[in-house]
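Numbered per UniProt numbering, the sequence shown finishes at 275, counting up by one with no gaps.
Single-structure report; data block below.
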Amino acid sequence: MAKTIAFINMKGGVGKTTLAVNMAYALAKIHGKKVLLIDIDPQMNSTQYCLSQEALTQLVEEPNRTIFGFMNQQYQVKATLKKYTQDEPLENLTINVDGVFDIVASHMKLMEINLDQRPYKLRQYINNHFASKYDVIILDCPPTISEYTKMGLLAADSYVVPMKADAFSMFGLPMLQNYIDSHIYGEFGHEINFIGIILNMVIPSRLIYKKVKDKLKNDWKDYIFMNEIPYREVIVKGLDDELNKNKYIVDMTVETELRKNIEELSLELIQRGRL
C-alpha cells in the first residue's frame with residue numbers, strides 16, 4: 001500500500017516543485033521505489049518540469065488525459081499521448097517519465113471544477129486505482145490555502161514542508177498548521193502526519209539563516225530534516241530550458257555536492273516517512 005506525501009508550503013518561490021520532482025526521481029532511481037507524482041496545481045509546474053514540449057502541447061489539447069479527467073468525469077477517454085489510440089480507463093492516465101517514475105499531469109482547466117463539492121475525490125481515486133500499484137505517491141500542492149490544498153491534504157497520509165531560510169517563509173508554516181488543525185482535522189477529522197521541514201536554497205553564511213534555524217530549532221526541533229539543500233541556480237531556475245538537458249539533480253555530473261545532498265535527503269525522507 002502506497003504512502004501518500006503532500007509537498008506543501010503556503011508561500012511560493014521556495015523550490016517546492018523542484019524538490020518534489022527530484023525526490024520522486026531519487027526515490028525511484030536510487031532506492032528502487034515505485035513512485036507516482038500527482039500535480040494538483042493548475043499552474044502545472046511539476047507537469048512542465050517532467051514532460052517534453054510535445055507532450056505538454058498534447059495535454060493542453062486533451063485535458064481528460066490529466067487530473068482534470070478523473071476530477072471532472074467518470075467515463076473512458078482517448079489515450080493520445082501513446083502511440084495507439086484505443087479507449088483507456090481513467091486509471092491509466094499516468095504518464096511514465098524517463099523510464100523512472102510516473103506522473104499524473106495537471107491542467108489549467110482544473111480551475112473550472114467546483115472542488116468544494118468533492119473534497120475526497122482525489123483520496124478515493126488514489127485508494128481505488130493507485131495505492132496498490134506504488135510504494136510512494138507524492139502530491140505537488142499549490143502554495144495557497146484553496147480547495148486544491150484541501151483536496152491534497154485530505155488525500156495524503158503525511159506532508160513535508162520545503163522552505164527557505166527567510167522571514168517570509170516562516171509565516172507560511174504556522175498558517176499551514178492552523179489550517180490543518182482547524183479544517184483538515186477539525187472539520188473533516190482527517191489525521192495527517194507531519195514528516196518535517198526541509199530547508200531549501202540555504203546560504204549558511206547569511207545572518208537570516210542562523211536566525212531562522214534557531215527559531216525552527218526552538219519551535220519545531222523534532223521536525224527539521226538534518227539534510228539541507230544549498231542555494232544553487234539549478235534549484236532557482238528549475239524550469240528553465242537549459243536545465244532540460246540534465247533536469248534531475250542525481251544525474252548531474254557537475255553539481256556533485258548538490259547531488260549528494262539530494263541522495264542523502266531522499267534517504268532521510270525514507271527513514272522519517274517510513275517509506
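A virtual CB, placed ideally from N, CA and C, is assigned to each residue, including glycine.
Since we're looking at a predicted model, the values are computed, not measured.
- Among the bridge pairs identified by DSSP, Pro162 is matched with Ile198.
- At least 8 angstroms separates the beta-carbon of Ile113 from that of Asp102.
- The C-alpha of Lys3 is placed about 16 angstroms away from the C-alpha of Val104.
- For a cut-off of 8 angstroms, the C-beta gap from Ala20 to Val100 is around 14 angstroms, too long to register as a contact.
- In this model, Ile203 and Pro119 are separated by some 39 angstroms (Cα to Cα).
- Contact check for Phe7 against Ile197 fails: the beta carbons are separated by 8 angstroms or more.
- Rounded to whole angstroms, Asn218 and Ile145 show a C-alpha spacing of 26 angstroms.
- Separation of Lys215 and Phe225 (C-alpha to C-alpha, rounded to the nearest whole angstrom) is 14 angstroms.
- Rounded to the nearest angstrom, the Cβ distance from Asp135 to Leu275 is 7 angstroms, consistent with a contact under 8 angstroms.
- Within its own chain, the residues whose Cβ lies closer than 6 angstroms to the Cβ of Val97, once the five positions on either side in sequence are excluded, are Cys50, Ile103, listed in chain order.
- Between Gly152 and Ile262, the gap from beta carbon to beta carbon reaches 8 angstroms or more.
- The shortest C-alpha to C-alpha distance from Met108 to any of Ser52, Thr47, His129, Ser158 is the one to Thr47.
- In this chain, Asn96 is not harboured by any alpha helix (DSSP H); it is covered by the beta strand (DSSP E) spanning 95-97.
- Per DSSP, the beta-bridge partners of Asn193 are Ser158.
- Between the alpha carbons of Gly32 and Arg272 lies a distance of about 17 angstroms.
- Contiguous alpha helix (DSSP H) elements confined to the region 12-73 occur at 16-29, 45-50, 53-61, 67-72, taking only those with 4 or more residues.
- Here Phe188 carries a coil assignment [DSSP, helix/strand/coil].
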